[in-house]
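Below is one structure; the comments refer to it alone.
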Amino acid sequence: KTAFICCCIFPVDMCDRPKNTDVRLRLPAVCFIWQTAMIILFGIFIRYDSESSPYWVEYKRDHNISSDAENDFYFRYPSFQDVHVMIFVGFGFLMTFLKRYSFGAVGFNFLIAAFGIQWALLMQGWFHSLDYSDGKIKIGVENLINADFCVASCLIAYGAVLGKVSPVQLMVLTLFGITLFAVEEYIILELLHARDAGGSMVIHTFGAYYGLSISWMLYRRNLDQSSRLQGSVYHSDVFAMIGTLFLWMFWPSFNSAIANHGDGQHRAAINTYLALASTVLTAMAISSLFQKHGKLDMVHIQNSTLAGGVAVGTAAEFMLMPYGSLIVGFCCGIISTMGYIYLSPFMEKHLKIQDTCGIHNLHAMPGVIGGIVGAITAAAATEPVYGSEGLIKTFGFEDHFEHRTPAEQGGYQAAGMCVALCFGIGGGIIVGCILRLPIWGDPADDNCFNDEVYWEVPEDEESSPQVLYYNSHMHNKDM
Amino acid sequence: KTAFICCCIFPVDMCDRPKNTDVRLRLPAVCFIWQTAMIILFGIFIRYDSESSPYWVEYKRDHNISSDAENDFYFRYPSFQDVHVMIFVGFGFLMTFLKRYSFGAVGFNFLIAAFGIQWALLMQGWFHSLDYSDGKIKIGVENLINADFCVASCLIAYGAVLGKVSPVQLMVLTLFGITLFAVEEYIILELLHARDAGGSMVIHTFGAYYGLSISWMLYRRNLDQSSRLQGSVYHSDVFAMIGTLFLWMFWPSFNSAIANHGDGQHRAAINTYLALASTVLTAMAISSLFQKHGKLDMVHIQNSTLAGGVAVGTAAEFMLMPYGSLIVGFCCGIISTMGYIYLSPFMEKHLKIQDTCGIHNLHAMPGVIGGIVGAITAAAATEPVYGSEGLIKTFGFEDHFEHRTPAEQGGYQAAGMCVALCFGIGGGIIVGCILRLPIWGDPADDNCFNDEVYWEVPEDEESSPQVLYYNSHMHNKDM
Amino acid sequence: KTAFICCCIFPVDMCDRPKNTDVRLRLPAVCFIWQTAMIILFGIFIRYDSESSPYWVEYKRDHNISSDAENDFYFRYPSFQDVHVMIFVGFGFLMTFLKRYSFGAVGFNFLIAAFGIQWALLMQGWFHSLDYSDGKIKIGVENLINADFCVASCLIAYGAVLGKVSPVQLMVLTLFGITLFAVEEYIILELLHARDAGGSMVIHTFGAYYGLSISWMLYRRNLDQSSRLQGSVYHSDVFAMIGTLFLWMFWPSFNSAIANHGDGQHRAAINTYLALASTVLTAMAISSLFQKHGKLDMVHIQNSTLAGGVAVGTAAEFMLMPYGSLIVGFCCGIISTMGYIYLSPFMEKHLKIQDTCGIHNLHAMPGVIGGIVGAITAAAATEPVYGSEGLIKTFGFEDHFEHRTPAEQGGYQAAGMCVALCFGIGGGIIVGCILRLPIWGDPADDNCFNDEVYWEVPEDEESSPQVLYYNSHMHNKDM
């Protein structure tokens, strides 16, 4: 009994128990119970909003809307689809780089994202889209985008624990992650009225520290017993590039998806496009500079090239200016790649944080930078640059925020950053405790990063005499 | 002579003849003749419609259209591109799961889709877009989407016979499939005036039963001689997930692509998004529950997670309600996965239907469910829920359908379902007869699921003894 | 000294020197210097345009624009994202077909595209988007598309030298390529006032001859020493199909992305869709017809199926008519595939042009055909077909071009074609000279097409004793 409690609380591995990874009852039970709960809650709470209900014809007439083109669907649906691709293909394939964990990467990503978007529609709906006249949540395309955003934070967290947890643990991680996200987002966006179009703070900083804290709680002292599986093979690296590129290409849509109609979305897309372009060059440069013989490392190309998109998230719709976006990307490419080279090994060795995908370098640091850039850009906003109406529209200085100044806004942005950090770290530690319970079917230390634990894996043809010959030949050459 | 006729008519394998799979003359002949026919028919019949011709400037002025944004191109083009991705990457890669049939999967999918969309523009044009003033078919972006839809039914049918037919047979299958589709669609949508935004009936039910009937006609008693090739390898399963995910992500666009402008498209996208999310959880749950040690099976993840999208096709633009969509997805995930576990082996053994991709579980059953859901939802429609104008717009109770009631509409929806089934099964049996003719170059029973029959396959480094033996065997045969 | 100069000028391999492929200092230096230069130049020159600046609110009011939907962002952003996918995933993965150059294909494509779009924004901005009132370049979404287009020409050129150059050489190739492109484009589109919506001339013809000339200058007599790596393996061919399909599917967006709002974009998409469909059939037919046993060759399917999209580039927004598009596609499918079969070996043997990806067949010949088709279609334009206003709008017969006749326009189109050719060949020879300098770190003849030169390549499992141990271990467990 005591040992049981201990092993949940203390972040040291005192649970050297034999592992039972058979999730045959637990996984279906969790899926069925949670999906049933979703159906009931959706039945009680969720309805179509005025732009997606058949009353749109009347609504249009009543509000003097001349054209169906004014339906929010047409402003946001193309961006929504891009974001959707990022969530399912982008994150899913980015994590396929491990030689024998591609099924888990893309499959569990699929599972938790599909669950997460439903729970997110409810949680975010209660905070943002509740129609007080009838107590229902009214959803439209913007809610779908926000649900995808919300899930992104949990997928980021998944990156830290990739290969070391069971699908049941991931479902728990997602349930709590979405819940925490919705509260944190409400505090940052509604109470503090900070702006965060691309979610540097609410998505990336929160998600990354949430995942890192969980990984710290689930520290595995003997993880090197799985080291034979903790690398990539040639084709798994190419698969991962599919994820990288779809994330990279559609990031402008991510940062502009819920920005203001018109110039807001337009500017967010341009800023993100530029920051990402700049990041690619410095990430490649650092990768080559710090490697023996100047050879590029696919880990850096797959991840650090995306850091610029994270870091312009908050400021994407501000007047960051094109050169400002390039500078942000420039710095993040350097910092993120250096993080992979120096910081990740340090964290694993000294801080006991095992971060499979290096989310600290891709999401945590760039996310914090993004929050800071956002605060500075907001504080530096002036009427000549934005125009008086543009300033109000961009920062939402309306209703009971109409007397806020840009300098104050900068302060609130910084406060939002702190909230995201606290929720990420605090929430991660608590959820990590829960995930330490020996009931979730997680794999043993010598069986991590291995699809065979949770998947029927086909027997491969590969490994013919010819290949063996070829490989040994190569091997000799290397010596 | 008698044997020749027999072997076309009777669905038993009395044609144990040596096979000639050299399509060197037949495939080019079919391609050139049909493409030339397309050019001639397009020259006679196909013109730009008023929104894609340069007279748009005048048309806009004459119809008091204030903005280019009212051009249908901007309402539908993003959805069109998503559908296009589903047809070529989605269906193509979904079928790459076999260890040695990826070229055939993605390549023949490409071939028949490219032919099919041309023939579909003509066939559907004659029925739907003929301008009686000059006898020309006027095409715009909606026709392109419909052509893609039409082709989808043939690609579904391809799933049943994957690996067992020659490209020439596939071209024949497509020619007749498109033709039957256009007639069936005309009866269902125009004569019966059933609604079917996402094509649960006209696309999925028809396509699946068309393919299953053909597969029944082409039953191969000795298919187990190819069993060494009838499985996946690790990387081919990951490739197939590319197809799965692009289908899954873009299905909301599929179901909303030709829905009504405004709330119709908006609601169809939301319903599909929710149904698909729900399906993922129940498909994973059943997959784990019925497997030894609770290990997930990639076949289920690749296919059954999509069943919800099929099943909300018809009702996508109706007031299915968000929880209704979740329920549909919930049930379909269960039924589809159970189908893979129990029904597919049963059908192969007792009904002599060899269904390579399991389209019965992914398209046929969910398609029928979709038709039923559509009929019920339509019959249950009321004015308070839709609004009087919304009811008319959603169900098209206009012109000479203005006196139809929702209950009657439900009946016509059910009638449409039956038409789709009859065309699928009847058409499939007839076309199956034609495809049994021993002139199409189909592979022998011991050489199915093998790219080497129709493709120049690069020699891999990876070639296990099994494959080596097999290759030298092939080599000898070729000589 | 003399040898040094000689080896830069004469296209014969007199530089049998030992190669130093360590780019550890050169690549980072180039990246940092050029990225820093970009930041400075962006700081001086680049600003947001009126539709992406916060002054959009005022601009809208001043110009009586009633809705945010009129912002160019909504007309072009979906097409932009499709083009973006073509540049990074399309071109990147199309080149992954080599068995051991997938990292280089997709990685260097990523690097030079990310650099190129920045430099293109500047170069094209100076020529097209300079606001003379304040000397700033004002950018919006159309500039982003044009930058992607500009980069496409350099990626085409990369196809010719794939596997034979260092990343530093590619950066130089891109720097000069973008520069030449911008000048050439200015002459063709502004001075000659030729129309080229899809860039058959300015992008494809220029890019292809630029690349081929460079490849001619960098001729490697002993390239057959790398022949063991100059082929594909099964899975690399499937990866390449990802590139092919995304290029094929999104080509309608490519050709319509910067066409006129309304009917221009609409018609360009339809024409491209049809031309591409037609190409697939004839490419497959020729591939089968000229191969032993009628087996299809993946090289043709991967490349020649795209030729139709190249060839309707210029005429995409003209009244090419649907059957005209099919005819263009029909011919290009034949010509391009024949080119792979007969012309490429001839060029390598007799003209000393080593064209890794066969860009002569995919871009050069179809590009020239596209220019000719464009000239003929323009010259044949009449008022009854286009309408008087449509004719003016389609060909831009406004301002000081208002007296130009269609026949004259045809002549100018042809002149534009010649300009593209001259810039491509001339520029390529000059840049080829520069790239012959023995300072760029290019690989030796026996080490081409090899990722190990510039990348950390993971050791594959199919190999190490450890894995063998592991596999046999697993095997025993299963027993």
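Protein chains in written order, with full-length UniProt numbering: chain A, 1 to 479; chain B, 1 to 479; chain C, 1 to 479. Cβ coordinates follow ideal geometry from the N, Cα and C atoms, glycine included.
G231, S232, V233, Y234, H235, S236, D237, V238, F239, M241, I242, T244, L245, F246 and W248: these are the residues of the stretch 223-248 of chain B whose beta carbon lies less than 9 angstroms from some beta carbon of chain A, given in chain order. Identification of chain C residues near E408/A by a Cβ-Cβ cut-off of 8 angstroms yields none; the smallest Cβ-Cβ distance measures about 19 angstroms. Residue environment: N64/B is assigned as exposed (fewer than 16 neighbouring CB atoms within 10 Å of its CB, all protein chains considered). For I335/C, the uninterrupted alpha helix (DSSP H) segment begins and ends at P322 to M338. Your pair A420/C and T205/C checks out as a contact, with CB atoms roughly 4 angstroms apart and the cut at 8 angstroms.
As computed with DSSP, K99/A is found in no beta bridge at all. Using a Cβ-Cβ cut-off of 8 angstroms, E452/C does not count as an interface residue toward chain B, since no Cβ of chain B sits closer than that to its own. Within the stretch 269-281 of chain A, not one residue has a Cβ closer than 8 angstroms to any Cβ of chain B.
Nearest to T244/A by C-alpha distance, out of T337/C, G231/C, V106/C and T282/C, is V106/C. For T394/A, the chain C residues whose C-beta falls within less than 7 angstroms of its own C-beta are P54, listed in chain order. If you compare the alpha carbons of S253/B, I33/B, Y48/B and A285/B with that of E317/C, the shortest gap goes to Y48/B. In this structure, the CA atom of T305/A is about 10 angstroms from the CA atom of I334/A. Taking a Cβ-Cβ threshold of 7 angstroms, the residues of chain A close to A285/B are L27, P28, C31 and F32, in chain order. Taking 8 angstroms as the cut-off, the Cβ atoms of T279/A and C332/A count as close.
Y412/C has its alpha-carbon roughly 10 angstroms from the corresponding atom of R404/C.
Taking one beta carbon from each stretch, the stretch 118-128 of chain C and the stretch 171-183 of chain C have 3 or more pairs nearer than 8 angstroms; the two touch.
The Cβ of N260/C sits no closer than 8 angstroms to any Cβ of chain A. Sixteen is the threshold: since fewer than 16 other Cβ atoms of the shown chains lie within 10 Å of the Cβ of N20/C, the residue is exposed. In terms of beta-carbon proximity, Q35/A lines the interface with chain B, with at least one pair separated by less than 8 angstroms.
Minimum Cα-Cα distance from Y77/B among the listed residues A257/C, W248/C and E70/C corresponds to A257/C. Fewer than three beta-carbon pairs drawn from the stretch 375-394 of chain A and the stretch 153-171 of chain A are found closer than 8 angstroms, and the two stretches are therefore not classed as touching.
Check the Cα spacing between P252/A and each of W216/A, G198/A, S215/A and Q225/A: the tightest is with G198/A. In the DSSP assignment, R61/A falls within the unbroken alpha helix (DSSP H) covering W56 to D62. Residue contact check for I327/C against chain B: a CB pair falls below 8 angstroms.
By the neighbour-count criterion, in which 16 or more other beta carbons inside 10 Å mark a residue as buried, L274/B falls on the buried side. The DSSP assignment places complete alpha helix (DSSP H) segments of no fewer than 4 residues inside the stretch 358-433 of chain A at 365-379, 383-386 and 388-395, in order along the chain.
Residue state for I46/B is assigned as strand, using DSSP reduced to three classes. For G309/B, the CB contacts under 6 angstroms within the same chain, skipping 5 residues up- and downstream, are W251, T272 and L276 in chain order. For D297/A, the three-state secondary structure derived from DSSP is coil. Distance from A307/A to P366/A at the Cβ level is roughly 4 angstroms; contact confirmed, criterion being Cβ atoms closer than 8 angstroms.
Cβ contact annotation for E398/C (same chain, cutoff 8 angstroms, sequence separation greater than five): I392, in chain order. For Y59/A, the CB contacts under 6 angstroms within the same chain, skipping 5 residues up- and downstream, are S50 in chain order.
Straight through space, the alpha carbons of K352/C and P384/C are spaced by roughly 50 angstroms. Identification of chain A residues near T96/C by a Cβ-Cβ cut-off of 8 angstroms yields V238, ordered along the chain. Annotation: the continuous alpha helix (DSSP H) that includes I214/A extends over F206 to M217. With fewer than three CB-CB distances shorter than 8 angstroms, the stretch 87-100 of chain A does not count as touching the stretch 88-105 of chain B.
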